[in-house]
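Residues in the sequence shown are numbered consecutively from 10, following our numbering.
The beta carbon of each residue, even a glycine, is placed where N, CA and C say it ideally should be.
Since the structure is predicted, the reported quantities are computational estimates derived from the model, not experimental observations.
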Amino acid sequence: MSAPRKGIRRWAVRICALTVLTGAGAGLYHFRQAQARTTYPNTPVHKGEFLVLIRCRGSLQARQSVGVFTPVVPGLRIAWIAPAGETVNAGDPIVRFDSSTAKQQLMQKESQLKQAQLTLDQALAQSEITSQQDQTEFADAKFSLERAQVQVEQAEIRSRLQGEASRIDLGVAEQKLKVQDATVALHRTSEKSRLASLARQRDQAQADVDITRLRISQMELKAPGNGLLTLKSNCAGAVTTADCKPYKVGDNVSSNMVLGTLPDLASLEMDAQIQEVDRGRISAGQDVLIRVDALPELTIAAKVRGVSSLAETRMEYPYPRSFRAYAGIPNPDPRLRPDMNGGMDIVVSRIPNAISIPSKALFTRAGKPIVYLSEQGRYRAVEVEVLARNPDEVAISGIPPNSTVALVDVTKQERKK
Numbered sequence: 010m011s012a013p014r015k016g017i018r019r020w021a022v023r024i025c026a027l028t029v030l031t032g033a034g035a036g037l038y039h040f041r042q043a044q045a046r047t048t049y050p051n052t053p054v055h056k057g058e059f060l061v062l063i064r065c066r067g068s069l070q071a072r073q074s075v076g077v078f079t080p081v082v083p084g085l086r087i088a089w090i091a092p093a094g095e096t097v098n099a100g101d102p103i104v105r106f107d108s109s110t111a112k113q114q115l116m117q118k119e120s121q122l123k124q125a126q127l128t129l130d131q132a133l134a135q136s137e138i139t140s141q142q143d144q145t146e147f148a149d150a151k152f153s154l155e156r157a158q159v160q161v162e163q164a165e166i167r168s169r170l171q172g173e174a175s176r177i178d179l180g181v182a183e184q185k186l187k188v189q190d191a192t193v194a195l196h197r198t199s200e201k202s203r204l205a206s207l208a209r210q211r212d213q214a215q216a217d218v219d220i221t222r223l224r225i226s227q228m229e230l231k232a233p234g235n236g237l238l239t240l241k242s243n244c245a246g247a248v249t250t251a252d253c254k255p256y257k258v259g260d261n262v263s264s265n266m267v268l269g270t271l272p273d274l275a276s277l278e279m280d281a282q283i284q285e286v287d288r289g290r291i292s293a294g295q296d297v298l299i300r301v302d303a304l305p306e307l308t309i310a311a312k313v314r315g316v317s318s319l320a321e322t323r324m325e326y327p328y329p330r331s332f333r334a335y336a337g338i339p340n341p342d343p344r345l346r347p348d349m350n351g352g353m354d355i356v357v358s359r360i361p362n363a364i365s366i367p368s369k370a371l372f373t374r375a376g377k378p379i380v381y382l383s384e385q386g387r388y389r390a391v392e393v394e395v396l397a398r399n400p401d402e403v404a405i406s407g408i409p410p411n412s413t414v415a416l417v418d419v420t421k422q423e424r425k426k
């Protein structure tokens, strides 16, 4: 083969190799561009009303609640108890206590009352008999005195000796009358004291019977109002609160203790803690969005009912201070229960037609806030102005409303490659 032909073939091979390398480089470039577009997560900006929020945590509480107290009766033992968590109406039975011991005591007290009444009646009859006897003897003594006085007058007319004897008899009769008068007074006082003592014993027996009957009538505890039955735990003999168990049939309870509560579900409200720095931005009447952890799909629109005036200090370092904000729930969902944890977003202001992005889409460069705009697979850092912040979103200005921003720091990601 001639030398010119060999040179042409050599150049053809070189051109083919260069073409292959150029295609491979272009493919790699397009692959890297496609990889860049898919590697960094993006999000479109949102334009609309921006709510400036204060987010706080708390729990649901019933503003109106009625306590359930056990009666003032010793030795209470539960014979039946309604299941906790049921909705009850005023007058519905909640707990029934064992009344067998009280009924036995009532029988004994009634027997004692009958005996005391019989004793008092007998004493009254005997007192009446004694009084009549005393009156009879007093009348006899008085008659003897009057007869002695007559004999004295007659004896003075007849003879001096008879007069002296009659005066002696008169003195004896006067002394007998005085003794009989004193005896009548003594009997009257003694009988009065004895009858008063027996009457007190009868009244005490009657009071014991009345108290026992009252205790028996209180052995059925009824709901003092409408609400959700919430019973306390029985911590008798428990070492820790984890050992406390719900009350059950057979448990003993103390008298006049709080057995449970009846919170009114219609008065449920969110009781949340707010930081001291946010206290001045919150006032009654502001809009609130309430969310409950147990029902994440439920968002409740409400308003701030009030804010506590005094701060609370938690006993943990660095001893933060906080206030409480209350938001009433209109027409509560029937699934809501007291003590459910949740949170609420308090709307302190509104920015109309604001451009907002997620908080994690805002970055800082040279101390200034920036975002990375996505432009046909490329990202450009744009300095923006922060108008307001929320826990999850940021209102900004400086980019078009139809933009798309990266959710990662593109500069750092590029350096890692």
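Reducing DSSP to helix, strand and coil, say where residue i ends up.
{"i": "Ser153", "result": "helix"}
{"i": "Arg473", "result": "Only positions 10 to 426 of the chain appear in this structure, which leaves residue 473 out of reach."}
{"i": "Val417", "result": "coil"}
{"i": "Asp273", "result": "coil"}
{"i": "Leu127", "result": "helix"}
{"i": "Met116", "result": "helix"}
{"i": "Gln227", "result": "coil"}
{"i": "Gln70", "result": "strand"}
{"i": "Ser412", "result": "coil"}
{"i": "Lys241", "result": "coil"}
{"i": "Asp190", "result": "helix"}
{"i": "Gly289", "result": "helix"}
{"i": "Gln282", "result": "strand"}
{"i": "Ile379", "result": "strand"}
{"i": "Gln91", "result": "Reading off the sequence shown, one finds Ala at residue 91, where the question assumed Gln. Ala91 falls in the coil class under three-state DSSP."}
{"i": "Ser406", "result": "strand"}
{"i": "Ala397", "result": "strand"}
{"i": "Arg424", "result": "helix"}
{"i": "Leu204", "result": "helix"}
{"i": "Val54", "result": "coil"}
{"i": "Pro316", "result": "The identity of residue 316 in the sequence shown is Val, whereas the question assumes Pro. Three-state DSSP puts Val316 in a strand."}
{"i": "Ala247", "result": "coil"}
{"i": "Ile338", "result": "coil"}
{"i": "Val82", "result": "coil"}
So residue i and residue j are in contact, right, with Cβ under 8 Å, and what is the actual spacing, rounded?
{"i": "Ser365", "j": "His55", "result": "5 Å"}
{"i": "Ala93", "j": "Leu207", "result": "With a Cβ gap of about 51 Å, Ala93 and Leu207 do not count as contacting."}
{"i": "Glu119", "j": "Val262", "result": "Contact flag wrong, Cβ pair sits at about 27 Å."}
{"i": "Gly67", "j": "Gly259", "result": "With a Cβ gap of about 38 Å, Gly67 and Gly259 do not count as contacting."}
{"i": "Ser226", "j": "Glu285", "result": "At roughly 53 Å, the Cβ-Cβ gap does not stay under 8 Å, so Ser226 and Glu285 are not in contact."}
Beta carbon of residue i, beta carbon of residue j: below 8 Å?
{"i": "Val61", "j": "Ser358", "result": "yes"}
{"i": "Ala404", "j": "Arg333", "result": "no"}
{"i": "Leu69", "j": "Asp418", "result": "no"}
{"i": "Thr52", "j": "Leu416", "result": "yes"}
{"i": "Ile63", "j": "Asp287", "result": "yes"}
{"i": "Ser242", "j": "Pro255", "result": "yes"}
{"i": "Ala232", "j": "Leu204", "result": "no"}
{"i": "Leu298", "j": "Arg344", "result": "no"}
{"i": "Arg374", "j": "Tyr381", "result": "no"}
{"i": "Gly234", "j": "Val356", "result": "no"}
Near residue i, which residues of its chain fall below 6 Å by C-beta distance, leaving aside the five closest residues on each side in sequence?
{"i": "Gly376", "result": "none"}
{"i": "Gln73", "result": "Asp273, Ser276"}
{"i": "Ala247", "result": "Cys253"}
{"i": "Val77", "result": "Leu268, Gly269"}
{"i": "Glu95", "result": "Leu238"}
{"i": "Lys59", "result": "At residue 59 the sequence reads Phe, which differs from the Lys that was named. Only Ile360, Ala363, Ser365, Ala404 meet the Cβ criterion."}
{"i": "Gly407", "result": "Val393, Glu394"}
{"i": "Asp354", "result": "Leu62, Arg64, Leu298"}
{"i": "Arg224", "result": "Val82, Ala111"}
{"i": "Gln141", "result": "none"}
Quick one: what's got a C-beta closer than 8 Å to residue i's C-beta in the same chain, skipping five residues either side?
{"i": "Pro378", "result": "Leu371, Phe372, Glu392, Val393, Glu394, Val395, Ile405"}
{"i": "Pro50", "result": "Ala415, Leu416, Val417"}
{"i": "Glu427", "result": "The structure shown does not extend to residue 427, since the chain spans only 10 to 426, so no value can be given for it."}
{"i": "Ser368", "result": "Arg398, Asn399, Pro400, Asp401, Glu402, Val403"}
Return the chain-ordered list of same chain residues with a C-beta closer than 7 Å to the C-beta of residue i, the five sequence neighbours on each side being excluded.
{"i": "His39", "result": "Note that His39 scores a pLDDT of 48, beneath 50, so its modelled location is shaky; the value from the coordinates is reported in the next line. Result list for His39: empty, nothing under 7 Å."}
{"i": "Ala214", "result": "Lys118, Gln121, Leu122, Ala125"}
{"i": "Ala311", "result": "Val297, Ile299, Ala336, Gly337, Ile338, Pro339"}
{"i": "Leu240", "result": "Ala93, Pro255, Tyr256, Leu268, Gly269"}
{"i": "Pro410", "result": "Val54, Lys56, Ile364"}
{"i": "Thr322", "result": "Tyr328, Arg330"}
{"i": "Ala251", "result": "none"}
{"i": "Ala45", "result": "Here the model assigns Ala45 a pLDDT of 44, short of 50, so the residue's position is not dependable, and the following value carries that caveat. Within the same chain, Ala45 has close Cβ partners Gly386."}
{"i": "Phe147", "result": "Gln189, Asp190, Val193"}
Does residue i come within less than 8 Å of chain B when only Cβ atoms are used?
{"i": "Asp260", "result": "Absent from the structure: chain B. Only one protein chain is present."}
Are the segment 306 to 321 and the segment 283 to 295 touching by the rule of at least three beta carbon pairs closer than 8 Å?
Look at the beta carbons and you see the segment 306 to 321 touching the segment 283 to 295: at least three pairs across the two are nearer than 8 Å.
Segment contact, 8 Å Cβ cut-off, at least three pairs: the segment 335 to 355 with the segment 370 to 388:
The segment 335 to 355 makes no contact with the segment 370 to 388: fewer than 3 CB pairs, one atom from each, lie closer than 8 Å.
When the Cβ atoms of the segment 182 to 201 are set against those of the segment 97 to 112, are three or more pairs found closer than 8 Å?
Under the Cβ criterion (8 Å, minimum of three pairs), the segment 182 to 201 does not count as touching the segment 97 to 112.
When the Cβ atoms of the segment 114 to 130 are set against those of the segment 86 to 97, are three or more pairs found closer than 8 Å?
These segments do not touch.
Cβ contact check for the segment 195 to 205 and the segment 128 to 140: 3 or more pairs under 8 Å
With a cut-off of 8 Å, the segment 128 to 140 and the segment 195 to 205 count as touching, because enough Cβ pairs lie within range.
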